[in-house]
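**Q** First to last, the protein sequences are chains A and B. The numbering of the first sequence is my numbering, which starts it at 5 and goes up by one. The numbering of the second sequence is my numbering, which starts it at 5 and goes up by one. Backbone N, C-alpha and C define an ideal beta-carbon position, used for all residues, glycine too. Once you've had a glance at the structure underneath, I'll fire off some questions.
Protein chains: 2
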Amino acid sequence: MISVAIMGHGTVGSGVAEILTTHKQKLFKAVGEELYVKHILDLREFPDSPLADRFTKNFEDIVNDIEVRVVVEVMGGTNPAYDFVKRCLQAGKSVVTSNKELVAKHGAELLAVAKENNANFLFEASVGGGIPIIRPLSQCLVANEVDEIAGILNGTTNFIFGKMINDNMDFSDALKLAQDLGYAERNPEADIEGHDACRKICILASLAFGKHIYPDNVYTKGISEITLDDVKYADSLNYVIKLIGDVKKTEDGKLDILVAPMLLSKDCILSDINDVFNGILVKGDCTGDVMFYGKGAGKLPTASAVVADVVDCAKHLKARKRIFWTDSDGSQVASYKDSKTAMYIRVAGKGEMAQSLFPDSEIMKADGNTVLMTQEYKFGEIEEKIAKLNENGEKVLSAIRIGNL
Amino acid sequence: MISVAIMGHGTVGSGVAEILTTHKQKLFKAVGEELYVKHILDLREFPDSPLADRFTKNFEDIVNDIEVRVVVEVMGGTNPAYDFVKRCLQAGKSVVTSNKELVAKHGAELLAVAKENNANFLFEASVGGGIPIIRPLSQCLVANEVDEIAGILNGTTNFIFGKMINDNMDFSDALKLAQDLGYAERNPEADIEGHDACRKICILASLAFGKHIYPDNVYTKGISEITLDDVKYADSLNYVIKLIGDVKKTEDGKLDILVAPMLLSKDCILSDINDVFNGILVKGDCTGDVMFYGKGAGKLPTASAVVADVVDCAKHLKARKRIFWTDSDGSQVASYKDSKTAMYIRVAGKGEMAQSLFPDSEIMKADGNTVLMTQEYKFGEIEEKIAKLNENGEKVLSAIRIGNL
Chain A
5 MISVAIMGHG
15 TVGSGVAEIL
25 TTHKQKLFKA
35 VGEELYVKHI
45 LDLREFPDSP
55 LADRFTKNFE
65 DIVNDIEVRV
75 VVEVMGGTNP
85 AYDFVKRCLQ
95 AGKSVVTSNK
105 ELVAKHGAEL
115 LAVAKENNAN
125 FLFEASVGGG
135 IPIIRPLSQC
145 LVANEVDEIA
155 GILNGTTNFI
165 FGKMINDNMD
175 FSDALKLAQD
185 LGYAERNPEA
195 DIEGHDACRK
205 ICILASLAFG
215 KHIYPDNVYT
225 KGISEITLDD
235 VKYADSLNYV
245 IKLIGDVKKT
255 EDGKLDILVA
265 PMLLSKDCIL
275 SDINDVFNGI
285 LVKGDCTGDV
295 MFYGKGAGKL
305 PTASAVVADV
315 VDCAKHLKAR
325 KRIFWTDSDG
335 SQVASYKDSK
345 TAMYIRVAGK
355 GEMAQSLFPD
365 SEIMKADGNT
375 VLMTQEYKFG
385 EIEEKIAKLN
395 ENGEKVLSAI
405 RIGNL
Chain B
5 MISVAIMGHG
15 TVGSGVAEIL
25 TTHKQKLFKA
35 VGEELYVKHI
45 LDLREFPDSP
55 LADRFTKNFE
65 DIVNDIEVRV
75 VVEVMGGTNP
85 AYDFVKRCLQ
95 AGKSVVTSNK
105 ELVAKHGAEL
115 LAVAKENNAN
125 FLFEASVGGG
135 IPIIRPLSQC
145 LVANEVDEIA
155 GILNGTTNFI
165 FGKMINDNMD
175 FSDALKLAQD
185 LGYAERNPEA
195 DIEGHDACRK
205 ICILASLAFG
215 KHIYPDNVYT
225 KGISEITLDD
235 VKYADSLNYV
245 IKLIGDVKKT
255 EDGKLDILVA
265 PMLLSKDCIL
275 SDINDVFNGI
285 LVKGDCTGDV
295 MFYGKGAGKL
305 PTASAVVADV
315 VDCAKHLKAR
325 KRIFWTDSDG
335 SQVASYKDSK
345 TAMYIRVAGK
355 GEMAQSLFPD
365 SEIMKADGNT
375 VLMTQEYKFG
385 EIEEKIAKLN
395 ENGEKVLSAI
405 RIGNL
């Protein structure tokens with residue numbers, strides 16, 4: 005019997021407790037021993053839970069219990085999650101988390117603490133919910149140099165785009181619907197402004213390229229400026245707009261990493277990812293394009309990924325998994341100004357100056373405005389050209405990257 | 005240093021040798037030791053290979069070499085692959101194969117031999133080429149009951165459908181193009197008649213449900229009867245035709261498994277899998293729909309999956325992976341006649357009798373023919389109704405399942 009503690013009994017935590025109970029037989033077969041939920045940490049009371057006798061409000065009950073070998077952290081946020089996780093690892097317990105903020109902020113340190121204490125720190129559920137991605141990236145694709153990872157990493161924003169495309173809703177109505185359906189938080193900033201997607205691409209990039217990338221070092225643009233008009237013009241040009249997290253190697257060995265809305269050609273497999281689904285495209289030098297698709301959030305999908313990690317920890321109590329990266333000072337991240345991209349630019353009026361600043365663009369007239377599909381430029385140059393246009397009265401109504409995936 | 009032998013130096017085998025050479029550093033880091041190619045078995049001569057000194061024509065050089073811990077089998081076919089693999093496992097060596105015919109025919113026995121000898125028998129590359137699917141299914145989805153697996157498992161047939169849909173080619177021209185491009189064999193039967201897809205769905209089903217399913221027990225229908233007309237009518241009804249391998253649990257605990265062309269709604273994510281790509285959809289009770297996408301064949305994609313398994317074997321020389329299933333007599337497979345499906349049926353003329361035999365169908369007139377999109381029936385009933393139509397002069401021009409994925 006292997007004793008497990010769960011810290012947090014919210015959506016994901018209660019799902020973890022549920023799966024450990026309902027899938028007991030299958031998990032027993034996989035581990036070769038029973039997984040026993042010994043403690044559940046939560047400040048609230050759950051008198052009606054079938055596991056009511058396991059609840060505690062005192063973290064010390066968990067960290068000091070030498071029988072507990074695997075601790076699940078599903079509290080969210082970094083305080084007190086960071087301290088709790090670190091102390092569990094220091095006590096030689098393996099820790100499984102779904103907490104992307106924690107991993108994106110403290111992953112390198114916690115992986116190092118785990119290593120020092122011969123424990124495992126696993127976080128499959130932190131990216132893509134129930135979609136297997138962390139393990140395939142570290143195991144199945146081990147015989148590849150990863151060239152690029154690009155993903156639709158946030159289901160809420162993808163849902164909003166879907167409503168704009170299919171149901172002609174404008175951004176604020178689609179956001180309100182997402183909130184009413186429980187997909188978006190009352191304060192939707194982390195989703196809408198791209199912070200959630202940023203944490204996830206940071207985790208994937210850290211794993212694939214071996215050095216920690218902190219969200220603060222990553223150019224992040226959200227979707228709140230995307231208008232229904234742009235969605236429609238994109239559609240007529242055979243593109244869809246998606247919020248993409250992207251990281252790729254540059255020629256000088258740095259990493260070009262960003263989160264931004266992008267126009268994707270309808271031929272791109274990521275353009276077919278609809279509703280609240282996530283899709284993560286990995287380009288390997290040997291495999292070519294591989295994509296992982298599924299629900300990126302939700303109680304049971306996320307909890308099932310957590311439990312798969314618990315099984316892995318339980319089977320490797322004395323061995324370490326090779327999921328690891330080292331800390332870094334961020335110097336491997338290229339300036340966003342050097343990142344090259346083609347652009348969708350919509351300007352008021354005939355766009356004569358725009359056409360001269362972005363020669364050889366594809367041009368489309370759009371209800372008194374002009375849409376340019378430009379050639380590739382460094383983003384720094386694009387910013388300068390856009391500033392020049394605005395200064396000279398040729399107002400830039402929208403400017404969106406064109407993805408090249 | 006861990007010595008590896010490679011049996012077969014064809015497309016995949018030479019890819020394995022190439023990756024083990026070109027990705028030496030990355031693999032060293034992953035394993036913690038060097039992977040050294042000690043022997044390559046092939047009856048042909050490769051004097052110009054950088055590994056020319058490692059070639060042998062004698063299998064005994066491999067099986068009797070106690071330094072060899074991992075053997076890669078990429079010869080294809082079952083003779084002599086089956087004997088060679090079995091003897092290697094009996095000698096306590098772990099074996100990695102990309103040979104779907106071998107796994108589909110002898111998987112249960114070879115897994116048992118591996119277990120007896122405390123060795124591993126891994127075959128990630130046997131399904132989906134470079135797409136990680138065997139490991140995610142056995143590891144990441146361990147906290148799920150798998151309800152259904154459905155996939156586009158054969159790139160060649162998918163390429164042919166793509167040419168029919170997009171380039172208006174008829175079946176035989178598209179097949180010829182596939183052959184000219186090297187996607188299809190000169191004898192294309194294994195692809196076209198669905199045998200290749202059948203082997204793959206058998207492997208996935210055996211793994212997901214724990215008992216060996218032999219291809220001989222699986223209803224398998226190929227794509228050679230699909231006409232350009234049907235592709236067009238399907239398109240106009242908002243469907244695409246794909247060759248699908250599908251397995252799902254029935255209410256009485258049996259497995260409903262088959263390979264057949266199906267109409268898929270354009271809303272289904274598998275309908276977006278184009279060209280030679282594969283897509284494998286796994287429906288878990290907790291994760292919901294998860295899909296894995298990538299190139300299902302090709303030298304380096306397949307070889308990279310083989311090498312990932314070699315790494316896994318090298319890291320688990322004394323431990324066993326939990327990939328396992330037991331033998332079976334096929335009694336868990338439900339009769340294809342009991343499998344329920346809605347049908348696309350095209351009959352010559354007005355189809356009055358068809359409409360009375362398949363009441364409540366959606367009806368479309370089609371160039372003097374009639375297309376019915378029927379309700380769900382057991383396939384046995386459908387066969388009887390179709391026989392009755394043909395006997396009564398209302399000729400059935402085509403009958404294709406409608407997928408419900």
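1. Report the neighbours of B/VAL409 on chain A: residues whose CB is nearer than 7 angstroms to its CB, in chain order.
2. Apart from the five residues on each side of it in sequence, which residues of its chain come closer than 8 angstroms, Cβ to Cβ, to A/LEU115?
3. Give the DSSP bridge partners of B/PHE296, in chain order.
4. For the alpha helix (DSSP H) that B/GLN143 lies in, which residues bound it at each end?
5. Determine, using beta carbons only, whether A/THR291 comes closer than 9 angstroms to chain B.
6. Hey, out of A/VAL67, A/TYR86 and A/ALA85, whose CA is closest to A/LYS97's CA?
7. From the beta carbon of B/PHE63, is the nearest beta carbon of chain A less than 9 angstroms away?
8. Could you work out which residues of chain B lie near A/LEU31, taking near to mean beta carbons separated by less than 8 angstroms?
9. DSSP puts B/PRO265 in a beta bridge; with which residues?
10. Name the two residues that bound the continuous beta strand (DSSP E) containing B/HIS43.
11. Under 7 angstroms Cβ-Cβ, which residues of chain D neighbour B/ILE135?
12. Taking B/VAL3 as the reference, which of B/ASP250, B/GLU113, B/TYR237 and B/ASN278 has the closest Cα?
13. Output yes if chain B places a C-beta closer than 9 angstroms to the C-beta of A/ASP171; else output no.
14. List the residues that DSSP assigns as beta-bridge partners of B/ASP260.
15. In chain B, what lies closer than 7 angstroms to A/ILE245 by C-beta?
16. Roughly how many whole angstroms lie between the Cα atoms of B/ASN394 and B/VAL400?
17. Can the beta-carbon of A/SER102 be found closer than 9 angstroms to that of A/PHE63?
18. Would B/LEU376 pass as a contact of B/ALA391 if the rule is Cβ separation under 9 angstroms?
19. Between which two residues does the beta strand (DSSP E) carrying A/VAL150 extend?
20. Anything in chain A within Cβ reach of B/VAL117, meaning under 9 angstroms, just list it in chain order.
21. Just tell me which of B/GLY19, B/ARG91, B/LEU93 and B/MET11 has its CA closest to the CA of B/LYS61.
22. Can you check whether the CB of A/GLY283 is closer than 9 angstroms to the CB of A/TYR297?
23. Might you give, ordered along the chain, the residues of its own chain that have their beta carbon closer than 7 angstroms to the beta carbon of A/VAL314, omitting 5 neighbours on each side?
24. From the DSSP output, read off the bridge partner residues of B/VAL76.
25. In the DSSP assignment, the alpha helix (DSSP H) including B/GLN183 goes from what residue to what residue?
26. Which partner residues does B/ARG405 have in the DSSP bridge list?
27. At a CB-CB cut-off below 9 angstroms, which residues of chain B make contact with A/ASP151?
28. Evaluate contact between the segment 194-211 of chain A and the segment 150-165 of chain A, counting only Cβ atoms and requiring at least three cross-stretch pairs below 8 angstroms.
29. What would DSSP say about A/THR160, mapped onto helix, strand or coil?
30. Evaluate B/ASP171 with the Cβ neighbour count: other Cβ atoms within 10 Å of its Cβ, from every protein chain shown; 16 or more gives buried, anything less gives exposed.
31. Under 9 angstroms between the Cβ atoms of A/SER365 and A/ASP234?
32. Would B/GLY407 and B/LEU274 qualify as a contact pair, given that the criterion is a beta-carbon distance under 9 angstroms?
33. Assign A/ASN124 to one of three DSSP states: helix, strand, or coil.
34. What is the rounded straight-line gap between the Cα of B/LYS270 and the Cα of B/TYR381?
35. Under three-state DSSP, which class holds B/MET357?
36. Going by the beta-carbon positions, is the gap between B/LYS299 and A/THR291 smaller than 9 angstroms?
**A** According to the data block:
1. Within the second sequence, numbered from 1, the residue matching residue 409 of chain B stands at position 405. It is Leu, not Val, that sits at residue 409 of chain B in the sequence shown. Under the 7 angstroms cutoff, chain A gives no residues; its nearest Cβ is about 13 angstroms from B/LEU409.
2. Counting from 1 along the first sequence, the entry for residue 115 of chain A is found at position 111. Excluding residues within five positions, the ones whose Cβ falls inside 8 angstroms are PHE125, ILE327, PHE328 and TRP329.
3. To locate residue 296 of chain B, count along the second sequence from 1; it is residue 292. B/PHE296 pairs with A/PHE296 and B/ILE284.
4. Walking along the second sequence from the start, residue 143 of chain B turns up at place 139. No alpha helix (DSSP H) holds B/GLN143; DSSP gives it neither H nor E.
5. For this step, residue 291 of chain A is matched to residue 287 along the first sequence. A/THR291 counts as touching chain B.
6. Position 93 of the first sequence holds residue 97 of chain A. That would be A/VAL67, whose Cα lies nearest to the Cα of A/LYS97.
7. Numbered from 1 along the second sequence, position 59 holds the residue referred to as residue 63 of chain B. Not closer than 9 angstroms to any Cβ of chain A, the Cβ of B/PHE63 fails to qualify, so no.
8. As a position in the first sequence, residue 31 of chain A is number 27, starting the count at 1. Residues of chain B passing the Cβ test: VAL146 and ALA147.
9. Residue 265 of chain B sits at position 261 when you count from the first residue of the second sequence. According to DSSP, which records beta bridges pairwise, B/PRO265 is partnered with B/LEU247.
10. One-based indexing of the second sequence puts residue 43 of chain B at position 39. Counting along the chain, the beta strand (DSSP E) containing B/HIS43 begins and ends at 39-45.
11. Chain labels in this structure do not include chain D; the protein chains are A and B.
12. Limits of chain B in this structure are 5 at one end and 409 at the other, which puts residue 3 of chain B out of reach.
13. Along the first sequence, one-based indexing puts residue 171 of chain A at 167. A/ASP171 does not count as touching chain B.
14. Numbered from its first residue, the second sequence carries residue 260 of chain B at position 256. Answer by DSSP bridge pairing, in chain order: B/LYS252.
15. By 1-based counting over the first sequence, the position of residue 245 of chain A is 241. Neighbours of A/ILE245 on chain B: none; closest Cβ ~17 angstroms, over 7 angstroms.
16. If you number the second sequence from 1, residue 394 of chain B lands on position 390. If you number the second sequence from 1, residue 400 of chain B lands on position 396. Using only the alpha carbons, I get a separation of about 6 angstroms.
17. As a position in the first sequence, residue 102 of chain A is number 98, starting the count at 1. As a position in the first sequence, residue 63 of chain A is number 59, starting the count at 1. Contact flag unset, no.
18. Taking the first residue of the second sequence as position 1, residue 376 of chain B is located at position 372. Taking the first residue of the second sequence as position 1, residue 391 of chain B is located at position 387. Contact: no.
19. Start at 1 with the first residue of the first sequence, and residue 150 of chain A comes out as number 146. Here the beta strand (DSSP E) through A/VAL150 covers 150-156.
20. Position 113 of the second sequence, counted from the start, is the residue given in the question as residue 117 of chain B. Those do not exist, as B/VAL117 stays about 21 angstroms from chain A at its closest Cβ, beyond 9 angstroms.
21. Within the second sequence, the letter at position 57 stands for residue 61 of chain B. Out of B/GLY19, B/ARG91, B/LEU93 and B/MET11, B/MET11 has the C-alpha closest to the C-alpha of B/LYS61.
22. In the first sequence, the residue the question calls residue 297 of chain A occupies position 293. In the first sequence, the residue the question calls residue 283 of chain A occupies position 279. Yes, the pair counts as a contact, with Cβ atoms nearer than the cut-off.
23. Reading the first sequence from its first residue, position 310 is the one you call residue 314 of chain A. VAL8, LEU39, VAL74, VAL76 and VAL100, listed in sequence order.
24. As a working note, residue 76 of chain B is residue 72 in the second sequence. Bridge partners of B/VAL76: B/ILE10 and B/VAL100.
25. Within the second sequence, residue 183 of chain B is the residue found at index 179, counting from 1. B/GLN183 -> alpha helix (DSSP H) spans 175-184.
26. Counted from its first residue, the second sequence places residue 405 of chain B at position 401. Beta-bridge pairing links B/ARG405 to B/MET266 and B/MET347.
27. By one-based count along the first sequence, residue 151 of chain A stands at place 147. Those within 9 angstroms of A/ASP151 in chain B number zero; the least Cβ separation is about 13 angstroms.
28. yes
29. As a position in the first sequence, residue 160 of chain A is number 156, starting the count at 1. The answer is helix: DSSP assigns A/THR160 an H, G or I state.
30. The sequence position of residue 171 of chain B within the second sequence is 167, counting from 1. Exposed, since its Cβ has fewer than 16 Cβ neighbours within 10 Å.
31. As a working mapping, residue 365 of chain A is identified with position 361 in the first sequence. As a working mapping, residue 234 of chain A is identified with position 230 in the first sequence. The answer is no: Cβ separation not under 9 angstroms.
32. As a working note, residue 407 of chain B is residue 403 in the second sequence. As a working note, residue 274 of chain B is residue 270 in the second sequence. Cβ distance < 9 angstroms, so B/GLY407 and B/LEU274 count as in contact.
33. Walking along the first sequence from the start, residue 124 of chain A turns up at place 120. It is coil, neither helix nor strand.
34. As a first step, residue 270 of chain B is located in the second sequence; it is residue number 266 there, counting from the start. As a first step, residue 381 of chain B is located in the second sequence; it is residue number 377 there, counting from the start. B/LYS270 and B/TYR381: Cα-Cα distance of roughly 22 angstroms.
35. Mapped onto the second sequence, residue 357 of chain B falls at position 353. In the structure shown, B/MET357 sits in a helix (DSSP, three-state: H, G or I).
36. Here residue 299 of chain B is taken as the residue at index 295 of the second sequence, counted from 1. Here residue 291 of chain A is taken as the residue at index 287 of the first sequence, counted from 1. Contact: yes.
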